[in-house]
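A.B. asks: The structure that follows is given in the form of structure tokens.
Given below as structure tokens:
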């Protein structure tokens, strides 16, 4: 897949490692933000989403809010929009646009 921003194109590959490297070449000043973005994606896929699903499937609705409160630190990202998450790691609007093309479950870790 290819993301296009203005006249620039960014190739999206199936390997997160390779994609991260290519993004760092395209956005050398934002290496820390790119690392942080992939860390957030990995944590969300590995920990946050399974906790949320377990609470949603295993607890009755009356206890779900308590479970959500109990794991509020781990689940805090669920209440954030994509824009809020991206703005928390970078101010580079072009990088934000390119990262919105990437989905957390795209490719492999």
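Residue numbers (our numbering): 178 to 286. We treat Cβ as the ideally placed atom computed from N, Cα and C, and that holds for glycine. Remember, it's a predicted structure, so these values are computed and weren't measured experimentally.
(1) Are at least three pairs of beta-carbons, each pair with one atom in the region 220-229 and one in the region 247-258, less than 8 Å apart?
(2) Using CA coordinates, which residue listed in 221, 222, 194 is at the minimum distance from residue 212?
(3) Between the C-alpha atoms of residue 244 and residue 265, what's the straight-line distance to the nearest angstrom?
(4) So within the region 178-236, which uninterrupted beta strand (DSSP E) runs reach at least 3 residues, ignoring any that extend past its ends?
(5) Would you identify the three-state DSSP class for residue 284, choosing helix, strand or coil?
(6) In the structure shown, what three-state DSSP assignment does residue 273 receive?
(7) Residue 275 and residue 180 look like a contact to me (Cβ under 8 Å); what is the Cβ gap, rounded to whole Å?
C.D. replies: Concretely, from the data shown:
(1) yes
(2) 194
(3) 26 Å
(4) If we require 3 residues or more, the beta strand (DSSP E) runs fully inside the region 178-236 come out as 179-182, 185-188.
(5) Because residue 284 sits at a pLDDT of 46, beneath the cut-off of 50, its placement in the model cannot be relied upon, and the following sentence gives the value as read from the coordinates. Residue 284 falls in the coil class under three-state DSSP.
(6) Residue 273 falls in the helix class under three-state DSSP.
(7) 5 Å
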